[in-house]
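Okay, so the sequence shown: first residue is 2 according to the working numbering, each after it adds one. Here a beta-carbon is modelled for each residue, glycine too, at the ideal position from N, C-alpha and C. One structure is given here, and the rest of the page talks about it.
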Amino acid sequence: MMTMRFGLGYDCHTFGADRPLRLGGVEIPNSKGLTGHSDGDALAHAVIDALLGATALGDIGQLFPDDDPQWEGADSMVLLADVRNRVTASGYAVVNIDATIITEAPRLAPYTAVMRDCLAEALEVPVSAVSVKAKTNEKMDAVGRGEGLQVFAIASVQATGTAR
Ligand code: MG
């Protein structure tokens, strides 16, 4: 019987950085980008933590510490590809990803298809294995006031026979 495992990822970043808004490796027109030590790509970060959770390989902060100058301004999609390699090396294959981005603005629906393409390419899975959804927080709380955004992600992986 094939062993399936599941992992949960969450991330949040505040708006305010004077740089592009990048989610899932996709640059999205917006007046402000997301703060953070790397490029602030909260979607990539949530997917990374979901994959690390599914394989019990730690978390993003352990692998890429935010006080390490090596990761300053890092391309989070490169980090995601690195994590995909760690998942593979530990004996698991990525089965699917599902993510929900919660932000009041900008409207992300026009960009979710290309986010899926970018994530699928980094993870070396078919685009049909990657889901990205976007919604608002109905104007509630800090996210509703546009102070930042949140991402939830879940990943499933399957043992390839060499799992340890
Ligand atoms: Mg983050």
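- Here the alpha carbon of L109 sits roughly 17 Å from the alpha carbon of R146.
- K134 and P70 have their C-alpha atoms roughly 32 Å apart.
- In terms of Cβ geometry, A43 and L80 do not form a close pair [threshold 9 Å].
- Using a Cβ-Cβ distance cut-off of 8 Å, the segment 58-73 and the segment 119-130 are not in contact, since fewer than three pairs of beta carbons, one from each stretch, lie closer than that value.
- Counting only residues of its own chain and dropping the five nearest sequence neighbours on each side, Q159 has a CB closer than 6 Å to the CB of M3, M5, A94, V96.
- As DSSP reads the structure, T15 sits in a beta bridge with G149.
- Boundaries of the alpha helix (DSSP H) harbouring D83: 77-90, taken from the DSSP string.
- Around the C-beta of M141, fewer than 16 other C-beta atoms lie within 10 Å, and the residue is accordingly described as exposed.
- No heavy atom of the ligand MG is found nearer than 8 Å to the CB of A143.
- Contiguous alpha helix (DSSP H) elements confined to the segment 9-72 occur at 43-56, 61-64, taking only those with 4 or more residues.
- Restricting attention to Q151, D50, G17, K33, the CA atom closest to the CA of A82 is found in D50.
- Here the distance from the Cβ of A154 to the nearest heavy atom of the ligand MG is not below 8 Å.
- A18 and S129 have their alpha carbons spaced roughly 33 Å apart.
- L35 is not a Cβ neighbour of G8, given a cutoff of 9 Å.
- For V95, the pairing in a beta bridge is given by DSSP as V158.
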